[in-house]
Every structure is written in structure tokens, then in C-alpha cells.
Amino acid sequence: MHDAMASIADARGQNFAARLRGVPGVAIILVLLVVVFGLTSRHFASEANLLNVAMQTTILLMIALPMTLVILSEGLDISLGAVLTLCNVVLALMLVRGAGLAGALAASLVVGGAFGLANGALVSLAKMPPFVATLGTLGIAQGLALVLTDGQSVVGLGDAIESIASGRVLGVPIPLAFAIGSYGLTHWLLYHTRFGTYVFAIGGNREALVLAGVRVNLHHIGIYVFAGLMAGLAALLLTARMSSGHPTAAIGMEFDAIVAVAVGGTSFERGEGWLFGTVLGVLAVGVLRNGLNLLGVPSSLQVVSIGVLVMVALLIDGFRKRR
Amino acid sequence: MNVLDLRHRASTGAIALGYRLIVVIAIGVALSFASDAFLTPTNILNVLRQAALLFLIASGLTLVILTAGLDLSVAANLGLAACVAASALKATGSPVVGVLTGIACGVGVGFANGLLVTALRLPPFIATYGMLWVLHGLSYYYMAGETIYGFSPGFREIGSGYLVGVPIPIYLMFVFLAIGWFFTQRTTWGQEIYAIGANPVAARLSGIPVQRRLLLVYTLSGGMAGLAALVYLARLNSAEADIGEPLLLPAIAACLIGGASLFGGVGTISGTLIGALILTLVLNGMNLLEVSANWQPFVTGAIVLAGVGIDMLTRRRAEEKH
Amino acid sequence: MKRAMLMTAAAFAMLAASGVKAEGEKIAVFTKNNTNPFFQAVRLGADSAAKQMNVTVTQFVPTKPDSIPEQMSQIEDVIVRRPDAIVFIPVDYKAMTPGVEKINRAGIPAVNIVDRSAGGKFVAFVGANDYTIGLATARHLVRALGGKGNVVIIEGVRGSLTSNDRVRGFQEAIKEAPGVKLLASQPANYQRLQALQVMENLMQSHPQIDGVLAANDAMALGALEALDGAKRKALVIGINGTKEAVDAIKSGRLLASGDYNGFLQGCMGTMIAARNLRKLPTPREILLPPVVVDKSNYQPYDIPVESRTCPKWESIVKTGR
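Chains as they are written, first to last, in my numbering: chain R, 1 to 323; chain G, 324 to 645; chain E, 646 to 966.
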């Protein structure tokens, strides 16, 4: 039993070392994009613009980070966008009813956590394939968002929420502070707790964990609950950004998160991955969109570029792995 | 992976299919009590036609899922193929050219997906998702926000025509059901596809040309998307860039409700047909009973969970018996 | 001597400056998506106006149709570019208010077109009154029915301003005619296929439908396909005045379509933005009058959008449009 645990911890350490050995594809792409846009657009490298890019990517980052854990455990959570949207709607509705920021956030976290619990139970206890389970909860979350709002935006949220979007803490804009904090939390969870070891193990070799007497189900469910809670938290930023709740606000965002995770170097199988790669992946997509907007590239071409970026990033990593 | 295992899968598959047929009939019975309008010939034909459209695109997707893969680009492929076929139709006025162009486009895209997965070894999720974006971009660029409309009556028969009082898409549905059944259950290629999904390593070791078969399934998936595009085109009598967009999740849902497993090696074309039927029946019922459209995603999600859940329960019980 | 020369030079410079017309201003135009032909018409209108007024227009469209966060990001990116003016259609008229406020804070003048934004400051609004268009078009159908019959409404995107207002107009017209009965009202998201399927289902529940009020042309045409497929007939109206609708009016399939002219709104929004930059007089609001296009007056709408050019500013202001 002890050997199983030791070898799992070993594997996790090895991943990190392997990452440092070669420069990951996503880093190359990010640097390339920054250089190209820096040269072709005089606005790109300005402080205001770089700050924009950082702020624009915070919400995606906050769901891409837990998505990394889910994918590391050989799972997938395609309900995150819909859950984020539902949390946004719930948060907005609570604010409208005078609940105050703390109460509204609490409600949002409860909703996110509940969906996370459902996903985790379906995947770990009922042994449903993650794509299927989260496809089901995606529909349920999206349906609830539509029903609660009858398709309309929820506005009139008061001023407290706006301070989240524009306020600063210790000189750092609040959304950025959330992003940095989320990264710190996820990093700690993944690389410095036993829970994190189990995440890798569930992806690499679940049976070994069961044999080692670990309460695997608990941790497996925990991964999805973490994702749901992060969605609930990210809803705060989303609501602040729009000053409203909208039933289609973040639909489809989970696919962007999955792409960011994959582009960042986390593999869909084998439980291999790199958390900071996700950050770079999110930034790469954000920089690409921002740069293309600054250059005034036609929208249809932007759409094609995103597809190409996705494929190229993984091609680079694929070639490298074969060497 | 030996022959006995495959036979075993076939028998559990038959049980699962049986359960599903019962579900379909049960839903039908419930709806005929709930709404007077349900059991009329026109409505039943409508439902079957809508299910046929969904089935055509989901059937190719089933083959990909059988190999433990996924093709997220089918709906975007349908959109592009429809637009390309539409211009060909308007340019030449010939239904034959239009049909060939649409299918060629679908096959071409499918083949490209296959190359990404086999030659470039991209994970199917990423390859087809990237392709989805590329195809959407191409469609937007090509259509420039316009619609192409007004096709010849001959062509439109494919989607809106009737034969002996039954809409033509329904015939197409049965034809491809038969072809699909024959391909997956009675040809070596079909059996190999199951084997690849169930255990790719063993499949390769037993001499199955895995890469070639994968290339085949993605190409077929694309081809079916192209075919489905033609039927949609004929039904709507127009093409727009986003004609396929709302179809992706229902197509995947139909496969899953029909019993296909994303782990690979499990599922049938007939199952997908029944999955498409169940989905369409429920949505039809919601329309007839004037349930708010807001509930549709909720109901779809619930059905997926229920369908797969029951499926897993019955499969586990069947496996315990063996 | 030197001072006299300087003075003359200054005088000349001032004269020159007052006579110079500003040229080549940069205007950013925001539309909702790549897929709805209506917005393509708006973009073409903006491009045509740009040629007339000698400004450059850059188009911004979310890659995910109607995506609120994406339009928000595009606004931020555009502010960094600092265009001289902005012509703006919010993807959601309520949720984009913070975005408009960002534009206001950046000091970039903006013209609001098509969907009236619920918040933020604008130089002008160009649009149509969806309610009056819905009302006028529906009245047209009610009149054609002779004031009695069964009708159904096919709504657009639930929660969108245009759909809400148009449907209200429909309902008002129905209320005015006691002999007309509203059987059902269902949304089809402005989509042709959905409208087709909704219509098919409605025809099942209601054997007798005499009129269909669709909130846009795509849905009206989808409903027509459904009717044709079932070999049933009904009077159908749509809204947008697209070329395809005009063709259907010509052939007698479609009764009428409310003119909701995207091309013109794009023209006027861009013209107002340019004129505003050049300190020329501009109205604060232009509401296109409701015109119902039917067999009697379709000719001007029969021109494909690509071939149209913006009307001259003087003619727009004179006719009060």
C-alpha cells in the first residue's frame, strides 16, 4: 500500500520535472503571439491593453483551473459553462431581492457546489462517463437558468456589485486578485496536498488507490465539487462585469476552458498535466482574440484562427512527445 | 478480444434495445392520452421526419463514438456542406450537382478530421473542436451573413416530398438504418470498429489496421453530415451559415440515449435511432402541451441522465448474470 | 515687417483650418453576430455610408453569436484603439450597459442603432419602433382577414427587445379586432428551422389557422414551408423586408413584411457619427416610420442589399425619416 502511494507521489514529481525539461508548446505559442501582435499593433503592448487582456481572461481562468483537475482525473466537465451561467442568474436575482453581496455569493456557491456534488456522484458513484453525466447536468442547469429568468436579463443589481468590477485591493484590480488567488489555491490543492496526489492517481491508476485503501469516491467527488464551487465564485466576477444576470451569459465557456487546459499541456489520458500551462493556455486564447480585435481582423477570420490555434498548439506538443 | 466477447456484447445490446423500444412506446402512449393532437397521422409523420433528420447526422457520429472518439464538428460540417451545396444548386440548377457537392464537402471535412486524429495524432476532442471553429469561420466568410434560397422543386423533394403519403426523409432514415446495421453487425469492418473501441491495443495486436479504420469512421461521419445537410437544405429551402449550430448537442444526446458509450465498443445504429426518436417525441410532446420552450434543455438533460443511467443499471445486471 | 508676415501667416492658417473638412475618421461598428442576414445588411449600410462620407469603418462581431462577455471584451479592445466614433448595437440591450459606460468614460462619442440600449449615453439613436412596426404589420393582416379568423404568433428570441415589442404590437392589433382569435404564441428564436417545427406542431393542435404573425422574415418563411408541406394555406406576415421576403411577396406566398431596414439603420448611424465628429447638425433620434411592404409597394425593396447605396443625408432629413 505504501509503495503504491510512493510511486504515485513519484509520478507527480516526475511530471513537473518533465515540464521543465523542454519548453512547452503553449509557451512558444504565447511568446510568438505576443511578439507578432506587439510588432503589428501599436496598441498591443500598452499597459492599458495588457491589463485588459488580464482582466478579460480572469473568468475563464477561474473555471479552467478546476477543469485542469477534472481532466487530470481522466474526466471532463462540460456543464461548467451552464453552471456558471445559472450561478450568475441566481446571484443577480438574489441581489435584486436585496440579499446583499455576501448572501448572493453564498447562494451562488451553494448552487455551484450542488451541481458539483451531482456531477461527482454521477461520475464516481454511478460510474457514468463524465461527458455524459455533465451533458445531462448541463441541460438541467441551462434549463433552470432559462426558467428562472424567462429568457430576460436581470438588471438593477445595485452598486455593490459594480465595486467588484472596478475596485482594487492593495492596488490590484479585484478580478485579478481573484484570479491570482484562485491560481494559488488550486496550485496548493494540486501540488501540496494529499488530495492533489489523489487527483493525479485517479487519472493515472484509480485501482491502485482503491487497493491502497483510500476513500477514492470522496476525493473523486471532491474534484467536481471544487469545480462547481469555483464556478459559483467566478459568477461573482461575471455578474460584476455585466452588472446583470443573463441566462446565456457563459454558455459554451467550458469548451474554451477545456481547450485552454489541453493547449496548456494537460493530457486527456494518463493523468499528466501542468497547472501553470492552463494559465498560459488561457492567456494564449485571450491574447489571440485581443490582438485580432486590435488589428480589426474580420470576424470570420478570427473564428478560423481560434480553431487553428487549438490544433497547432497540440501538434507542437504531440511532435515533442514523439521525440 | 475474441468472438465470444463480441457475441456477449450483442446479446446485452439486444436487451438494452428492447428496454428502449418499451420506453418509446410508453412515451407514445402517455402523449396520446395527454394530447388529442398527438396520435394523428400528420403528427406522427412530423415526429418521424424530425427524428429522421436528427438520426441522419447522429448515425455517422455513432460510428465515431464506437471507436471511443468524438466528432464535435458534425454540426458545423453540416452547415458548411449545406451552404456549399446551396451555391452549387443555384449556380448549376442541377439537383445532382448539388447533392454531390454537399456530400463531397462532408466527406472532405470528415477525411480531414480523420487525418488530424490518425496522422497528426491529435486527441479527437481537440481535433474536431478546432475543426468546428475553422468550419464556422469558413461558413461565415463564405456566406457573408446572407442566405441562399429558392431551390428547384426536384431537389426539394428530398426534404419536403412524400412517397405513398410518407415523407421522404423517413425512407432515408430506414435506408440508412439498414445500411448502418448491416455495416456494423455483419461486415468485418464493422466488427473491427467495435474491437478498436473496446480495446485499441488488443485490436492492433490482432492485426486490425486501426489507423485506416479510424480514418474511415471520421470520413463516414462527415459524409453523413453532408447527407443530412442536403435533407435540411431541401426541407428549409434555404441555407444560412448557422444552419447546423443547434444540432450538435441533440445529436450527441441521441447517440448516448441510444446506448452508445463514450468509452467505446458499445452502441448500435438502431439504438441511436431510438435515441433520436425518444428525444423528438419528448420535444414534440412539450410543444403540443404548450410547455414553455425554456424547459427544453432541462428535459433533454434529464432524459440523457435517465437513459444512460437505466442503461448502465441493466447492463450491470446483465453482466452479473453472466 | 516680420510681425506682419507672422500675422498674415496666422490668418491664412486659421482660414485654412476652418475650411478644411475632416477626412478619414475611424469609426468602429458593433453588430450582434455573423449569422443573421439583418446584421449583414447593417454592416453593408455602414460600409456604404463610409464611402459616401469618406470615413473608414471597422466591423466588430463576436465570434460566438450574441455573446455578452465577448462584446464586452471587444469594447475594451476597441477603446484601446481609440476610434473617433462608435456605432453600437448591444447584443443584449440591458446587459451591455457597463460596456456603454466604459465607452462614455473613454470619451468616445457613440451612436446607438437598432436595439435601444437601456443605459449609457449616446449622441443619437437610430432605430425603428418595433412596437409600431408590429402593430402596423399585424393590422395589415387583420384587415386582409376581414377582421375575423384564427391566428397564431411566432415570437423571436424571448427576452430580446425587438421580439418583446413586436409581439406587443401584434397583440394590440388582435385586441382591436374582436373577430380575430389568438390561438397560441410560441417562440422560435428568430430561426427558420425552429419556426418550421413550431408551425408544424401548432398545425397539429389547431386544425384551423387563418393567419400567422411571425416576428421576423426567417420565421415567416419557415412557417410558410411548414404550411406548404402540410398543403395548408394561411396568411403570413413577417418583419424585416429582406430580399427573400420580397420574392415571396411577389409570388403571393407571403402577405406582407414590416420594413425594418437594417441597411438604412447602418447608413444613418454611420452618417450621424461622422457628422457629429465634423460638428455638423444631427438629430438626436431618428425613428424609421413603420412601412408595411406588400404587393403594392415592394419595388424599392427588390434590390439586393449588396447593390444598394445609402441615400443622401439631405434626402433623409427632408423626408423626416
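For every residue, glycine included, the Cβ atom is placed at its ideal position computed from N, Cα and C.
Here's the rule I'm using: 16 or more other beta-carbon atoms within 10 Å means buried, otherwise exposed. How should residue i be labelled?
i: LEU47 of chain R; result: According to the sequence displayed, residue 47 of chain R carries Glu and not Leu. The residue in question, GLU47 of chain R, is exposed, as its Cβ has fewer than 16 Cβ neighbours within 10 Å.
i: GLU269 of chain R; result: exposed
i: ILE502 of chain G; result: exposed
i: PRO934 of chain E; result: exposed
i: LEU443 of chain G; result: exposed
i: THR510 of chain G; result: exposed
i: SER807 of chain E; result: For clarity, residue 807 of chain E is Thr in the given sequence; the question names Ser instead. The residue is buried, with at least 16 neighbouring Cβ atoms inside 10 Å.
i: GLU254 of chain R; result: buried
i: PHE733 of chain E; result: buried
i: ILE566 of chain G; result: buried
i: LEU170 of chain R; result: exposed
i: GLY664 of chain E; result: Only weak support exists for where GLY664 of chain E lies, its pLDDT of 42 falling under 50; the value from the coordinates is given anyway. It is exposed - the Cβ of GLY664 of chain E has fewer than 16 other Cβ atoms within 10 Å.
i: ILE348 of chain G; result: exposed
i: ASN846 of chain E; result: buried
i: ARG811 of chain E; result: buried
Quick one: measure Cβ to Cβ for residue i and residue j, integer angstroms, because I've assumed they're closer than 8 Å.
i: GLU393 of chain G; j: THR451 of chain G; result: Note that residue 393 of chain G is Leu in the sequence shown, not Glu. Yes, they are in contact, since the Cβ atoms of LEU393 of chain G and THR451 of chain G sit about 6 Å apart, within 8 Å.
i: LEU461 of chain G; j: LEU403 of chain G; result: 6 Å
i: ARG837 of chain E; j: ALA863 of chain E; result: 5 Å
i: GLY1045 of chain E; j: THR782 of chain E; result: No answer is possible for residue 1045 of chain E: it lies beyond the span of chain E, which begins at 646 and ends at 966.
i: VAL627 of chain G; j: GLY139 of chain R; result: 7 Å
i: GLY545 of chain G; j: PHE434 of chain G; result: 7 Å
With respect to the beta strand (DSSP E) encompassing residue i, which residues constitute its N-terminal and C-terminal limits?
i: ALA773 of chain E; result: 769-773
i: PRO714 of chain E; result: Counting along the chain, PRO714 of chain E falls outside any beta strand (DSSP E), though it belongs to the alpha helix (DSSP H) covering 713-726.
i: GLY608 of chain G; result: Per DSSP, GLY608 of chain G belongs to no beta strand (DSSP E); it is in the alpha helix (DSSP H), 592-611.
i: ASP904 of chain E; result: 901-904
i: GLN508 of chain G; result: Run containing GLN508 of chain G: none in the beta strand (DSSP E); it sits in the alpha helix (DSSP H), 491-509.
i: PHE705 of chain E; result: 701-705
i: GLY883 of chain E; result: 880-885
i: LEU858 of chain E; result: 856-859
Look at residue i and residue j and say whether their C-beta atoms are less than 9 Å apart.
i: GLY594 of chain G; j: ALA339 of chain G; result: yes
i: VAL891 of chain E; j: LEU872 of chain E; result: no
i: ILE380 of chain G; j: ALA583 of chain G; result: no
i: LEU238 of chain R; j: PRO926 of chain E; result: no
i: LEU229 of chain R; j: GLY116 of chain R; result: yes
i: ALA375 of chain G; j: ALA574 of chain G; result: no
i: ALA840 of chain E; j: ILE799 of chain E; result: yes
i: MET55 of chain R; j: LEU176 of chain R; result: yes
i: TYR224 of chain R; j: GLY75 of chain R; result: yes
i: ILE917 of chain E; j: ILE931 of chain E; result: yes
i: SER355 of chain G; j: LEU344 of chain G; result: no
i: ALA686 of chain E; j: VAL950 of chain E; result: yes
i: GLY25 of chain R; j: ILE316 of chain R; result: yes
i: TYR627 of chain E; j: ARG761 of chain E; result: Since the displayed chain E opens at 646 and closes at 966, residue 627 of chain E lies outside it and no answer follows.
i: ALA557 of chain G; j: PHE497 of chain G; result: no
i: LEU458 of chain G; j: GLY307 of chain R; result: yes
i: ILE221 of chain R; j: LEU294 of chain R; result: no
i: SER333 of chain R; j: PRO707 of chain E; result: Since the first and last residues shown for chain R are 1 and 323, residue 333 of chain R lies out of range.
I'd like the span of the alpha helix (DSSP H) that includes residue i, first residue to last.
i: ILE28 of chain R; result: 25-40
i: THR415 of chain G; result: 397-415
i: THR731 of chain E; result: Residue identity check: residue 731 of chain E is Ile in the sequence provided, not Thr. No alpha helix (DSSP H) holds ILE731 of chain E; the beta strand (DSSP E) holding it covers 730-733.
i: ALA133 of chain R; result: 130-149
i: PRO175 of chain R; result: 174-192
i: LEU93 of chain R; result: 80-96
i: ALA114 of chain R; result: 100-120
i: VAL430 of chain G; result: 418-441
i: ALA382 of chain G; result: Rather than Ala, the amino acid found at residue 382 of chain G in this sequence is Ser. From DSSP, the alpha helix (DSSP H) with SER382 of chain G extends over 364-389.
i: ILE819 of chain E; result: 806-821
i: ASN52 of chain R; result: 47-72
i: SER166 of chain R; result: 160-166
i: GLN831 of chain E; result: Here GLN831 of chain E belongs to no alpha helix (DSSP H); instead the beta strand (DSSP E) covers 824-832.
i: ALA673 of chain E; result: Per DSSP, ALA673 of chain E belongs to no alpha helix (DSSP H); it is in the beta strand (DSSP E), 671-675.
Review point. Do three or more CB pairs link the segment 746-764 of chain E to the segment 785-797 of chain E at distances below 8 Å?
Key: no
Review point. Are three or more beta carbon pairs between the segment 470-481 of chain G and the segment 407-416 of chain G nearer than 8 Å?
Key: yes
Check your understanding: Does the pairing of the segment 845-857 of chain E with the segment 877-885 of chain E give three or more beta-carbon distances under 8 Å?
Key -> yes
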